[in-house]
Structure formats: C-alpha cells, structure tokens
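Here the structure comes first, spelled out in structure tokens, and everything after it is commentary.
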Amino acid sequence: MPSIVRVVDLVKNYYMGTQTVYVLKDLNLSFDEGDFVALMGPSGSGKSTLLNVLGCLDRLTSGRYFLGDVDVSEMDDDQLSEVRSTYLGFIFQSYNLLPQYTVVENIELPLLYQGVKLGDETKSRCIALAEMVGLGDRLDHRPLQLSGGQQQRVAIARSLVNDPHLILGDEPTGNLDSRTSLEIMQMLRELNRAGKTIIMVTHETDIAAWARRAVRLRDGRVESDTRNDARTVVEMR
Ligand SMILES: Nc1ncnc2c1ncn2[C@@H]1O[C@H](COP(=O)(O)OP(=O)(O)OP(=O)(O)O)[C@@H](O)[C@H]1O
Ligand SMILES: [Mg+2]
Numbered sequence: 300m301p302s303i304v305r306v307v308d309l310v311k312n313y314y315m316g317t318q319t320v321y322v323l324k325d326l327n328l329s330f331d332e333g334d335f336v337a338l339m340g341p342s343g344s345g346k347s348t349l350l351n352v353l354g355c356l357d358r359l360t361s362g363r364y365f366l367g368d369v370d371v372s373e374m375d376d377d378q379l380s381e382v383r384s385t386y387l388g389f390i391f392q393s394y395n396l397l398p399q400y401t402v403v404e405n406i407e408l409p410l411l412y413q414g415v416k417l418g419d420e421t422k423s424r425c426i427a428l429a430e431m432v433g434l435g436d437r438l439d440h441r442p443l444q445l446s447g448g449q450q451q452r453v454a455i456a457r458s459l460v461n462d463p464h465l466i467l468g469d470e471p472t473g474n475l476d477s478r479t480s481l482e483i484m485q486m487l488r489e490l491n492r493a494g495k496t497i498i499m500v501t502h503e504t505d506i507a508a509w510a511r512r513a514v515r516l517r518d519g520r521v522e523s524d525t526r527n528d529a530r531t532v533v534e535m536r
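Its first residue numbered 300, the sequence shown is counted upward by one per residue in my numbering.
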C-alpha cells in the first residue's frame, strides 16, 4: 500500500513570549492509504497538535510532511487551504456546525470554501449525504434542533462532501454517550471499508479498538505503534 501520510523528523514547538513549548519531538510516522488509525495517549501528549499539523491547520516547526507525493511542509497559507479543501475532511469533538445554517447548508459549506458554485447538483449531493448518515428527514433542521449524535452525523456528511482522500477526526465521539458513539464508529468503519483513510484521535481504548492500527503518543514521541489483530477489532453488530 502506498503511504498517504508521511512525516519525517517532525518537530512542533509553540512559542509563548520567551518560552518555548516543545510538543512534538522528532516524529517519524507513515500511514497507508486505506488504513484506519487511532491516535492515542495521555492528555497533553500532542495528539491534537499532530492532527492539526496533518490537517494543514497548523504548521510544523521543522521536518517534512508528505501528503501522498506532495511535500506540504513548504506550502504557503493559500496552498495549504487549497490542500485542506481538496484532499481533507475533518470531524471535531464539538461538531463545529454553523448554528444559523440547516443540515443541508452545513454539509455544503466545504464546497463554498472551495469556491464551487452551489446549485441543484451540489444540493442533491448534500441531500444524498444527509440521507446516507440517516438524516433524510432532518434536512431543514438547524444544529440546535438535533441531538449530539445527529450533529456529529451532519459533521461526517460534511467531511465527505469534497470526496476527501483522508478523514481526520479529533475525538469524534468525545461528547457522545456510548450507544451513540457505537453508531458513529460503525459509520466510520463503513467509510473505511469503502476505501477512505481515517486518522482519529481518541483516548478511549474501546473506541480505538474499531481502528486497524493504534499509535500511542507520550510526551510528543511515539510510545507504541500496534496493529489491532483481527480478533480484537470490534466486530460489526
Ligand atoms: N497554541 C498553543 N500554545 C502553546 N502551547 C500549546 C498550544 N496548543 C497546545 N499546546 C501545548 O501542547 C501540548 C500538547 O497539546 P495537545 O492539545 O496536542 O494535547 P492532546 O494530546 O490533544 O491532549 P488532550 O487529550 O487533552 O486533548 C500541551 O502541553 C499543550 O499545553
Ligand atoms: Mg486533544
């Protein structure tokens, strides 16, 4: 399998006045196309920082980041935003939906950012995605009229609208009860089985068990990197 993401000697520091916060320390990782990866580790170990760098939301301090064959470490802000809107899909713990917009309009948003002209074709694509995540009867609802699990399903549909190569999730089930978390993980697994590469932060081992590979960070370094064997990967129920 070709690697879809590869970081080489990745260092990420934050600078606060005269103080330097050393967060990611010489990480070397590569993720295969089609994989489903759980990023784990204690609070403060650098999971979100890594995800933000992989998502081109934040810049690395030194090292290289290859997305497919493309070196994104040297890109300027405009190029990074182009990469984000073309190749990446995001799912956040807090859903990050816009409250004034309907389900369909929220799903459309990445297309708007991408400069795609919205019309009947894009609308029917968004409706199809809403139906796929089980919200066909909630198309005109606004986020506050939906449950947390439903809001996260809108976010999943939104993450798919640009047909991304890679889906990044930062604790996508972090705000959900365990039953709703299961539904979301089932949905992510189906997407992965359909070929999407997923990298997802979680600190819960039962959520990580849905992934095929678990990378554990500690203090900005890789502490362990294991493949879930077929028996421990949670079975579809
Ligand atoms: N913008 C920032 N400026 C300075 N330090 C930061 C910034 N963002 C994160 N950090 C520091 O980087 C370290 C890693 O933070 P990060 O958010 O990546 O952790 P995490 O593993 O996602 O933790 P959690 O499980 O609590 O979400 C922390 O020590 C944090 O204080
Ligand atoms: Mg975090």
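Just so you know, even glycine gets a beta-carbon here, dropped at the ideal spot from N, CA and C.
Measuring alpha carbon to alpha carbon, tell me which of the options ends up nearest residue i.
i, options, result
"Q399", "H440, L417, E373, G316", "H440"
"I390", "E470, D377, V382, M431", "E470"
"Q444", "L487, T360, V402, S380", "V402"
"R520", "D528, L417, G340, L490", "G340"
"G388", "G494, T525, L465", "L465"
"N527", "A507, D518, T421", "A507"
"Y364", "Y314, F330, G343", "F330"
"D518", "D376, D375, G414, S342", "S342"
"T525", "L338, G316, M315, S480", "L338"
"L326", "R305, G435, Y314", "R305"
"S446", "D419, P463, R424, R478", "R478"
"T385", "T472, P463, M374, D376", "P463"
Assuming the contact rule is C-beta atoms closer than 8 angstroms, residue i and residue j should be a hit. Round their C-beta distance to whole Å, please.
i, j, result
"K324", "V307", "Wrong, their Cβ atoms sit about 13 angstroms apart, outside the cutoff."
"T496", "I303", "5 angstroms"
"V382", "L366", "7 angstroms"
"N491", "Q392", "19 angstroms between Cβ atoms; not a contact."
Quick one: what's got a C-beta closer than 6 angstroms to residue i's C-beta in the same chain, skipping five residues either side?
i, result
"D357", "N351"
"G468", "I390, M499"
"S361", "V310"
"Y321", "N312"
"P301", "E332"
"T317", "none"
"L379", "C355"
"T540", "An answer regarding residue 540 cannot be provided, because it is not within the stretch 300 to 536 covered by the chain."
"R437", "V402"
"D375", "none"
"D368", "none"
"L328", "V306"
Excluding the 5 residues flanking residue i on each side, which residues of the same chain have their C-beta closer than 8 angstroms to its C-beta?
i, result
"M486", "V432, R452, I455"
"S523", "A513, V514, R515"
"M535", "Note on M535: pLDDT 46, under 50, position unreliable in the model; the coordinate value appears next. Same-chain partners within the cutoff: Q485, R488."
"G354", "R383, L387, F389, L467"
"K422", "V403, E407"
"D537", "The chain is shown from 300 up to 536; residue 537 falls before or after that span and cannot be answered."
Give every residue of the same chain whose Cβ lies closer than 7 angstroms to the Cβ of residue i, excluding the five residues on either side of it in the sequence, and list them in chain order.
i, result
"L428", "I406, A456, L459, V460"
"E482", "G448"
"Q450", "Y394, L396, P442"
"L417", "E407, L410, L411"
"G494", "G333"
"V415", "T421"
"Y314", "none"
"I426", "V403, L438"
"L434", "V402, Q449, R452, V453"
Q: Take every Cβ of the region 324-344, pair it with every Cβ of the region 504-519, and state whether three or more of those distances are shorter than 8 angstroms.
A: yes
Q | Contact between the region 346-363 and the region 495-505 (3+ Cβ pairs under 8 angstroms) | A | yes
Q.
Contact between the region 405-419 and the region 458-465 is defined here as three or more beta-carbon pairs at a separation below 8 angstroms; is this criterion met?
A. yes
(Q) Tell me which residues pass a beta-carbon proximity test against ligand 2: closer than 7 angstroms to any heavy atom, given in chain order. (A) K346, S347, D469, E470, V500
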